[in-house]
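Reading through the structure tokens given below for one structure.
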Amino acid sequence: MIAELSAAMAAIKETAGLAKVINDAKTDAEVKAATIELQSRLITLQAECFSLCDLIRQREEEAILLKAKIAEYEDFSSQTEGYVLNQLDFGSFVYSKKELVGEEQVEVHLCPQCHAKRQISILQPTGEASFNSHTKKWYFQSRCHNCDSVYSMNVSNYNPEIYAPWS
Numbered sequence: 001m002i003a004e005l006s007a008a009m010a011a012i013k014e015t016a017g018l019a020k021v022i023n024d025a026k027t028d029a030e031v032k033a034a035t036i037e038l039q040s041r042l043i044t045l046q047a048e049c050f051s052l053c054d055l056i057r058q059r060e061e062e063a064i065l066l067k068a069k070i071a072e073y074e075d076f077s078s079q080t081e082g083y084v085l086n087q088l089d090f091g092s093f094v095y096s097k098k099e100l101v102g103e104e105q106v107e108v109h110l111c112p113q114c115h116a117k118r119q120i121s122i123l124q125p126t127g128e129a130s131f132n133s134h135t136k137k138w139y140f141q142s143r144c145h146n147c148d149s150v151y152s153m154n155v156s157n158y159n160p161e162i163y164a165p166w167s
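Mapping to full-length UniProt numbering: the sequence shown position 138 is 138, numbers consecutive.
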């Protein structure tokens with residue numbers, strides 16, 4: 001952009017010099033030659049100005065895109081403010097924050113996979129429990145409806161012997 005601006009300024013300077021030549025010309029031939037040269041320089045100057053306009057338009061478009069990215073980043077940051085990385089009973093890591101829902105305080109969990117993609121997706125309980133053979137415990141499960149990930153969350157008191165329909 002600096003090169004184009006310098007070229008335009010040089011063309012303006014040359015054009016001003018040609019105007020002086022026309023003014024100082026003594027014969028019609030000198031006036032005609034200087035006028036033709038002046039027209040040529042003005043066309044060059046016009047082309048340089050068009051190039052500058054194109055560059056300015058490109059820079060403005062880039063600035064708009066960058067401002068949109070900054071706004072998106074700031075929006076994500078404000079929406080996830082207060083969420084901290086939390087390790088659940090099962091060992092899974094999620095982003096958690098205590099929120100007031102109605103008059104009750106609940107812990108809201110965000111999907112870590114979606115969070116890494118700068119998307120906000122609240123994990124929803126499935127109502128199902130999952131057994132971990134290593135810990136010999138049952139865990140509540142939650143699903144991310146955005147990416148379909150399922151997370152074993154906190155320890156459940158589920159006992160299949162008590163809840164079995166065939167008993």
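Don't be surprised by glycine CBs; every beta carbon is placed ideally from N, CA and C.
Quantities reported herein were computed from a predicted structural model and do not represent experimental measurements.
Should VAL101 go down as buried or exposed, given a rule of 16 or more other Cβ atoms within 10 Å for buried?
-> exposed
Opening and closing residue of the alpha helix (DSSP H) in which GLN119 lies = From DSSP, GLN119 is part of no alpha helix (DSSP H); its letter is neither H nor E.
Pick from CYS147, GLY127, SER152 and ASP148: whose alpha carbon is nearest that of TYR139?
-> SER152
Any idea what DSSP makes of PHE76, helix, strand or coil?
-> helix
Run the CB neighbour count on SER142, radius 10 Å, all protein chains shown included, and call it buried at 16 or more, exposed below.
-> buried
Report yes if the CB atom of LEU42 is closer than 8 Å to the CB atom of THR15, and no otherwise.
-> yes
Is it buried or exposed for ASN157, if we count other Cβ within 10 angstroms and need 16 for buried?
-> exposed
Which value, in whole angstroms, describes the spacing of the CA atoms of ALA63 and LEU5?
-> 20 Å
Quick one: using the 10 Å Cβ neighbour count with 16 as the cut-off for buried, is VAL94 buried or exposed?
-> buried
Starting from LYS20, follow the alpha helix (DSSP H) in both directions and report where the run begins and ends.
-> 2 to 24
Residue from PRO125, LYS20, ALA29 and MET9 with nearest C-alpha to HIS145 = PRO125
Would you tell me roughly how many angstroms separate the C-alpha atoms of GLN79 and ILE120, rounded to the nearest one?
-> 8 Å
Where does CYS111 land, buried or exposed, given buried means 16+ other C-beta within 10 angstroms?
-> buried
So VAL155 and ASP89 are in contact, right, with Cβ under 8 Å, and what is the actual spacing, rounded?
-> 5 Å
Go ahead and pull the three-state DSSP assignment for LEU88.
-> coil
Answer yes or no: do LYS98 and TYR83 have a C-beta to C-beta separation smaller than 8 Å?
-> no
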